[in-house]
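Let me begin by presenting the structure, written as C-alpha cells, before commenting on it.
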Amino acid sequence: MSCRQKRTCYELLLGLALTSLAFHSALALPWEDLVNAQCAGLLVQNCDIVVPEGVTVELERSADAASVTVRGSLVWDTTAAVTLYTGYLVAEGPTGYVQIGTSESPAKDSGIYLRDNGRQHQVLGKRSFGSYGKGARFVVYGEKLRKTWVLLSEPARTGDSRLTLDDDAAALGWRVGDRIAVAPTTSYPKFGGDSSAEVFTLTGIAGNTVHLDGTINQPKAGFPSKRVQAEVINLSRTVAIRGDPFDSAGHGLHVVAHSGGEGIVNYARVERGGQLGVAGKYPLHFHLAGSCPNCQFVGNAIENSSQRGIIVHGSHRTLVSENVLYDVKGSGIYIEDTNEMENKITYNVVICPQKAKCKQPGTDNDQADDIQQSGLWALSVSNDFVGNRLVNHYNGFFTQTSAFPHGRGEARGRVCTVYAPFGKMSGNVCHSNERFGFYLDNNFPRSLKRSVETNGLLSVEDFQAHIDGNPNTLSSCDAFTASGTDNGVTAVVEDQLEIGNVFSGQ
0 MSCRQKRTCY ELLLGLALTS LAFHSALALP WEDLVNAQCA GLLVQNCDIV
50 VPEGVTVELE RSADAASVTV RGSLVWDTTA AVTLYTGYLV AEGPTGYVQI
100 GTSESPAKDS GIYLRDNGRQ HQVLGKRSFG SYGKGARFVV YGEKLRKTWV
150 LLSEPARTGD SRLTLDDDAA ALGWRVGDRI AVAPTTSYPK FGGDSSAEVF
200 TLTGIAGNTV HLDGTINQPK AGFPSKRVQA EVINLSRTVA IRGDPFDSAG
250 HGLHVVAHSG GEGIVNYARV ERGGQLGVAG KYPLHFHLAG SCPNCQFVGN
300 AIENSSQRGI IVHGSHRTLV SENVLYDVKG SGIYIEDTNE MENKITYNVV
350 ICPQKAKCKQ PGTDNDQADD IQQSGLWALS VSNDFVGNRL VNHYNGFFTQ
400 TSAFPHGRGE ARGRVCTVYA PFGKMSGNVC HSNERFGFYL DNNFPRSLKR
450 SVETNGLLSV EDFQAHIDGN PNTLSSCDAF TASGTDNGVT AVVEDQLEIG
500 NVFSGQ
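First residue of the sequence shown: 0, per numbering that gives the first Met the number 0; consecutive thereafter.
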C-alpha cells in the first residue's frame, strides 16, 4: 500500500512513530507523505501542517504550506536548494525541532520565506519563525565566513571602483556577486546625506583587492596606523530568512527563541524583519530564554528592519557575535530589561546608512529607538561587550540606566539598574555618530546579591530595602555594607576608540 495514495497509511505511520518513542527513536517521513495525509482536498498553500511528536520529516525540495507547527522534527536536505514558503514555522516544546543545516553540513541556497497570509501562531503571531517553550529548538547554519567584516587598509577616494582591504577576501569566503556596504568615516560637523554608507556588488576579487560594480561617492578612510578605517561588511549569505514586503503598518517577519525555547542562527541573511509597534517582534530575538548557553546569533547579516535588529531579553549566557546590521530602524542591538547577565556581545558591526536616519518612533521604547536611537542600547551592563563597531547613528553605544532605574518589563521592581556591575568592555569603536559615541549614563557599579540562577533579579526584600527610604534597612544596592565597608566594585572600559562623534565619553 502506497503512503502517497492512502490516508490510512499515514495514520499507521503516525501510530508506529508514537510507539517508537518508547524505544527512543523517531520515524522518518518524507514531506510529501505528510502533506498527502493532512491536506487531502486542499491546496498546500491553504493547508496548516503539523509535524507530530515522534516523527522526523525530511524536506528534500522547496515546499508550500499555510503554516507549519513542529512537535517532532523538520530537517532540511542540505544537498539541495530548499526553501519553505509559509505563514509561520514554529517548533513547539517539549520536542519540537527545526534544522536548516548543521555546522558540519551548512545549507546552501536555502531558507524560509514567511508569507503575509493571515495565519497566526497562538503565541508567536504572524510571519514568525522560532521556538516556543522548553525543549523546543531551531538551528540554522549557512556557510561560514571566516570574517563577516573587514577594514580598509588604504583610503578609498571619490571615483575609485576598487577597495583595498586588511585581509584576503577570497580566503574569508567572500565571492564575486556578494553585496557589501562600506561605512562612512566623516566627522563633525557633517550630517545627514554628507555622511552616508555605500552599497556595492563585488565584480572581482584579487587577494585583498576587491572590484566594485560602481564608484565611490564619498571618500572613506583607510589608515591602519591611526586605527581610522572604514568598515566593509558582507551582506550575502547562503541561507536566507526573508518574506513578503512590509505591510502598511510596517510589519515584516520576526525570528524568536521564546519562553525557554532555544535558537541558533549562524551565517544567515535576515531581511524585512520587525513589526513596528508590536512588542517582541524583531529580526532576531532571545525572549525570556533564561540561562541559554546554546542560544547563538553568529555571523548573520540583518538588513532592512522596521524595528530594531538583535534583541536579548530576559536571557543569559547567550552569544551574539560577528553579526553585521545595516539599515535597521531603531536600536541595532538591544539589551532590554536590566536583568540580562553574562551574555557575550562581541565583534558586531552596526551601520546606519545615513547619519542619524535610523530613528524610529512608535515602538515600546522611544528613548532607545527614537529620542536616543543607538547602534547598541543596553540597560544591563553586566554582559561582555567586546570589539563592537557602531557607526553613523544618533548615539553609538548608550547605557541609558537613568531612564529605567528600576528596570523594565518583567524585571521592573527587582533590579537597581544604575548600580549593576560591569562585564568586560573592551575594544569597542564608535565613529561618525551625530551625538555621543560611547555614552555611560549613570553607572555606579556595586556588589549586588543576584546571579544568573536568580534570573538576574534581586530578592523582593533586597529591592524593598533599596527603595524604602529607611536608613536602618540595608540593600546590596547601597553604597556601604552592614559593616560599613565600601560596596562598590571596579569597572573598566579599555581600548575604546572614538572618532568623529560630536561628543565622546560621559
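Glycine is no exception: its CB is placed at the ideal position from the N, C-alpha and C atoms.
Is the separation between the beta-carbon of residue 228 and that of residue 152 shorter than 9 Å? Going by C-beta atoms, residue 228 is nearer than 9 Å to residue 152.
Apart from the five residues just before and just after residue 210, which ones in its own chain have a Cβ nearer than 8 Å to its Cβ? 160, 161, 201, 202, 203 and 204
Determine the burial state of residue 485: buried for a count of at least 16 other Cβ atoms within 10 Å of its Cβ, exposed for fewer. Of the other Cβ atoms in all chains shown, fewer than 16 fall within 10 Å of the Cβ of residue 485; this residue is therefore exposed.
By how many angstroms is the C-alpha of residue 261 removed from the C-alpha of residue 541? Absent from the structure is residue 541, since the part of the chain shown begins at 0 and ends at 505.
Between the C-alpha atoms of residue 170 and residue 140, what's the straight-line distance to the nearest angstrom? Looking at the two C-alpha atoms, the distance is approximately 19 Å.
With a cut-off of 9 Å, does the C-beta of residue 102 fall near any C-beta of chain D? No chain D is part of this structure, which consists of one protein chain only.
Taking the beta carbon of residue 117 as the centre, do at least 16 other beta carbons fall within 10 Å, making it buried, or is it exposed? exposed
For the alpha helix (DSSP H) that residue 37 lies in, which residues bound it at each end? 30-37
In three-state DSSP terms, what is residue 342? coil
Is the segment 420-427 close to the segment 349-368, with three or more CB pairs under 8 Å? Judged by Cβ distances under 8 Å, the segment 420-427 makes no contact with the segment 349-368, as fewer than three pairs qualify.
Answer with buried or exposed for residue 452, where buried requires no fewer than 16 other C-beta atoms within 10 angstroms of its C-beta. exposed
Out of 457, 426 and 415, which one is the CA nearest neighbour of residue 444? 415
Please report how far the alpha carbon of residue 403 lies from the alpha carbon of residue 460, in whole angstroms. 20 Å
The beta strand (DSSP E) enclosing residue 334, as first and last residue numbers: 332-334
Give the DSSP-derived three-state secondary structure of residue 373 in the structure shown. Three-state result, residue 373: strand.
Determine the closest residue to residue 92 out of 38, 230 and 257, with distance taken between C-alpha atoms. 257
Who does residue 148 pair with in a DSSP beta bridge? Paired residue(s): 232.
Inter-residue CB distance, residue 84 and residue 123 (contact presumed, cutoff 8 Å): Residue 84 to residue 123, Cβ: 18 Å. No contact.
Is it buried or exposed, residue 335, if we count other Cβ atoms within 10 angstroms and call 16 or more buried? buried
Just list the residues that DSSP pairs residue 430 with in beta bridges. 390 and 498
Are the Cβ atoms of residue 437 and residue 497 separated by less than 9 Å? yes
Could you name each continuous beta strand (DSSP E) segment of 3 residues or more that falls completely within the segment 175-261, going from the start of the chain to the end? With a minimum length of 3 residues, the continuous beta strand (DSSP E) runs that stay inside the segment 175-261 are 178-181, 197-205, 208-211, 230-233, 238-242 and 253-257.
Using DSSP with H/G/I as helix, E/B as strand and the rest coil, what is residue 478? coil
Would you kindly work out how many angstroms separate the C-alpha atoms of residue 315 and residue 57, rounded to a whole number? Going from the Cα of residue 315 to the Cα of residue 57 covers about 32 Å.
Taking the alpha-carbon of residue 165 as reference, which of 367, 101 and 230 has the nearest alpha-carbon? Cα-wise, what sits closest to residue 165 is 230.
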